[in-house]
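Numbering-wise (the working numbering), the sequence shown opens with residue 311 and increments by one. Working notes, beginning with the structure itself.
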Amino acid sequence: MARVRNWWSHSKTVVLIWLTSALLFYFGLQFVLRNSSLNYPSAVSTMSDSERRSKLYDKMESDLNEHGAAFLEHGETSQSLSLSDLFTLKDGIVTPVLKAAKPPVRANVLYLSTEFSVPISEAVRSIFSPYFDKVIWFQNSSLYHFSMFHASHHITPVPATEVEIEGEATAVEAVAKALCPLKIVLDRVLLTPTGVLLGCWQVASGTDPVTIRAKLRTALPRAPKNQLYDNAILHTSFARLLGPPKFSPTELHKASDQLQFFHELVTRLNNIIRGFEADVSELWYVEEYDVLALALNGRMKVRRFKLAASKSETSEDHKVEGKA
Ligand SMILES: *[C@@H]1O[C@H](CO)[C@@H](O)[C@H](O)[C@H]1NC(C)=O
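Structure below.
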């Protein structure tokens with residue numbers, strides 16, 4: 311009897327040990343699997359910054375077909391402000407309705423000099439003016455810019471004293487000194503469902519916008535966690551469409567398929583300016599006292615900083631396309 315009992319308790323122990331091991335193994339395996347699936351996205355993030363931009367632009371380009379031309383009804387801007395709130399007709403001229411931004415928005419943007427913006431602006435006007443008289447707003451070519459990072463925006467306002475603003479500007483100036491000027495190429499022009507005509511750019515050389523935004527985030531620790539744009543994007547807005555096109559009698563047949571017509575215009579513009587090359591050598595710290603002041607010629611205070619690093623100083627920022 312004693313031996314049987316012994317055998318029984320012995321096997322119980324063996325079974326227990328086996329069970330425990332099996333469970334440990336099972337959970338261990340689960341843990342490893344789960345972690346490796348967690349790791350999977352990091353494989354995706356090794357995608358180069360320019361690949362990320364291309365994918366992003368592909369998606370933005372397909373939005374118009376997917377969502378239609380929402381601006382013909384009640385368009386909203388990329389900053390979710392309704393377009394009809396932003397403009398009015400004054401003596402037959404499209405005029406921005408300026409509204410005070412409280413507190414003022416503090417934006418950091420790369421600036422595109424008029425040497426490059428004026429020819430682009432002329433091409434945009436030549437294609438769109440004939441069809442969008444009085445229902446188009448052209449971005450002022452003296453203020454073409456690439457939005458990088460907001461120290462405060464209208465969705466998450468971060469009020470600041472004058473002293474804090476000076477501190478931010480000084481921090482941004484230091485960032486600019488550590489950035490290399492960029493050479494960029496216009497990848498494509500696209501029209502968003504909200505009617506914004508956007509130039510989307512790629513980086514040929516210089517500090518990548520992903521790095522610029524990371525440096526600005528470090529330099530501006532109080533800035534809103536959620537920023538308005540994708541980290542990789544490099545875009546300028548050229549114009550905002552506010553209503554439907556008008557056709558001459560000979561082209562009236564085009565009115566039946568407006569979406570097709572928008573694609574046609576964008577293609578025509580791309581045929582002229584796609585591949586356009588430009589240099590970017592200034593970072594601006596802008597206090598916008600009116601909502602969208604940079605886009606609407608509102609009131610603002612601009613501090614301009616030169617991108618002053620040379621290639622050798624920050625070699626890790628200079629992954630020229632293909633080597634990244
Ligand atoms: C465009 O911007 C420049 C620089 O801020 C300004 O001097 C000019 O008046 C603006 N043009 C228009 C039409 O508002």
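No residue lacks a Cβ here, since even glycine has one placed at the ideal position from N, Cα and C.
Ligand 1 heavy atom lying under 7 angstroms from the CB of residue i
{"i": "Leu453", "result": "yes"}
{"i": "Asn418", "result": "no"}
{"i": "Asn607", "result": "yes"}
{"i": "Asn375", "result": "no"}
{"i": "Asn450", "result": "yes"}
C-beta atoms of residue i and residue j nearer than 8 angstroms
{"i": "Gly516", "j": "Leu492", "result": "yes"}
{"i": "Pro554", "j": "Gln568", "result": "yes"}
{"i": "Leu552", "j": "Gly608", "result": "no"}
{"i": "Lys365", "j": "Cys490", "result": "no"}
{"i": "Val590", "j": "Leu422", "result": "yes"}
{"i": "Trp447", "j": "Ala603", "result": "no"}
{"i": "Ala588", "j": "Phe426", "result": "yes"}
{"i": "Leu408", "j": "Leu606", "result": "yes"}
C-alpha distance - residue i paired with residue j, whole-angstrom precision
{"i": "Arg416", "j": "Pro467", "result": "9 angstroms"}
{"i": "Val495", "j": "Ala618", "result": "21 angstroms"}
{"i": "Asp518", "j": "Ala533", "result": "20 angstroms"}
{"i": "Val354", "j": "Arg362", "result": "The pLDDT assigned to Val354 is 46, lower than 50, so where the model puts this residue is not dependable; a value taken from the coordinates is nonetheless given after this. When rounded, the distance between both Cα atoms is 10 angstroms."}
{"i": "Ile475", "j": "His463", "result": "14 angstroms"}
{"i": "Ala514", "j": "Glu592", "result": "17 angstroms"}
{"i": "Val445", "j": "Arg614", "result": "32 angstroms"}
{"i": "Phe397", "j": "Val485", "result": "35 angstroms"}
{"i": "Gly338", "j": "Asp600", "result": "Confidence at Gly338 is low in this model, with a pLDDT of 48, below 50, so the placement of that residue should be treated as unreliable; the coordinate-derived value is given next. Cα-Cα distance, rounded: 57 angstroms."}
{"i": "Leu348", "j": "Leu579", "result": "The predicted position of Leu348 is uncertain, since its pLDDT is 42 and thus under 50; no value can be drawn from it."}
{"i": "Gly585", "j": "Val434", "result": "15 angstroms"}
{"i": "Met357", "j": "Ser431", "result": "33 angstroms"}
{"i": "Val612", "j": "Trp594", "result": "6 angstroms"}
{"i": "Ile465", "j": "Leu530", "result": "17 angstroms"}
{"i": "Glu478", "j": "Glu598", "result": "15 angstroms"}
{"i": "Val630", "j": "Val576", "result": "Since pLDDT at Val630 reaches only 44, below the 50 mark, its modelled position is unreliable, and the value read off the structure follows with that caveat. Rounded to whole angstroms, Val630 to Val576 spans 29 angstroms at the Cα level."}
{"i": "Gly378", "j": "Ala481", "result": "42 angstroms"}
{"i": "His628", "j": "Asp359", "result": "Only weak support is given to the placement of His628: the predicted model assigns it a pLDDT of 44, under 50, and the question is left unresolved by the model."}
{"i": "Thr424", "j": "Asp395", "result": "29 angstroms"}
{"i": "Tyr454", "j": "Glu371", "result": "21 angstroms"}
{"i": "Ala565", "j": "Phe571", "result": "8 angstroms"}
{"i": "Lys412", "j": "Ile543", "result": "27 angstroms"}
{"i": "Lys400", "j": "Ser452", "result": "23 angstroms"}
{"i": "Ile583", "j": "Val473", "result": "43 angstroms"}
{"i": "Leu562", "j": "Pro469", "result": "52 angstroms"}
{"i": "Ser352", "j": "Glu376", "result": "Caution is warranted here: a pLDDT of 43 is assigned to Ser352, below 50, making its placement in the model unreliable, and the coordinate value is therefore given only provisionally. C-alpha separation (whole angstroms): 29 angstroms."}
Per DSSP, cross-strand counterpart(s) of residue i
{"i": "Thr398", "result": "Thr405"}
{"i": "Tyr270", "result": "Nothing in the structure corresponds to residue 270, since the chain is present only between 311 and 634."}
{"i": "Ser462", "result": "Arg416"}
{"i": "Gln512", "result": "Val495"}
{"i": "Ala410", "result": "Asp600"}
{"i": "Thr546", "result": "Gly509"}
{"i": "Phe448", "result": "Ala549"}
{"i": "Phe456", "result": "Leu420"}
{"i": "Glu361", "result": "Its beta-bridge partners do not exist; DSSP assigns none."}
{"i": "Glu587", "result": "Val495"}
{"i": "Leu500", "result": "Leu508"}
Nearest neighbour of residue i, chosen from the options [CA to CA]
{"i": "Ala488", "options": "Ser452, Asp600, Gln512 and Lys525", "result": "Lys525"}
{"i": "Leu420", "options": "Lys616, Lys621 and Ser620", "result": "Lys616"}
{"i": "Thr528", "options": "His460, Asn450, Ala433 and Ser372", "result": "His460"}
{"i": "Arg523", "options": "Trp511, Gln537 and Gln512", "result": "Gln537"}
{"i": "Pro440", "options": "Leu606, Met458 and Phe557", "result": "Phe557"}
{"i": "Tyr539", "options": "Glu574, Glu472 and Phe456", "result": "Phe456"}
{"i": "Leu641", "options": "Glu561, Val499, Leu399 and Val520", "result": "The question about residue 641 has no answer, for the chain in this structure spans 311 to 634."}
{"i": "Ala380", "options": "Thr405, Pro503 and Ile583", "result": "Pro503"}
{"i": "His573", "options": "Asp401, Ile437 and Glu587", "result": "Ile437"}
{"i": "Pro414", "options": "Trp511, Leu453, Leu544 and Thr471", "result": "Thr471"}
{"i": "Trp511", "options": "Ala605, Asp401, Ser547 and Thr405", "result": "Ser547"}
{"i": "Met458", "options": "Val520, Leu606 and Tyr367", "result": "Val520"}
{"i": "Leu507", "options": "Asn541, Glu483 and Gln449", "result": "Gln449"}
{"i": "Lys369", "options": "Lys535, Leu501 and Asn581", "result": "Leu501"}
{"i": "Asn581", "options": "Met610, Val404 and Asp497", "result": "Asp497"}
Residue-level contact to chain E via CB, residue i, 8 angstroms cutoff
{"i": "Leu604", "result": "Here chain E cannot be found, since the structure has a single protein chain."}
Residue i CB to nearest heavy atom of ligand 2 below 7 angstroms
{"i": "Thr521", "result": "Judged by which ligands are present, ligand 2 is missing from the structure shown, whose ligands are ligand 1."}
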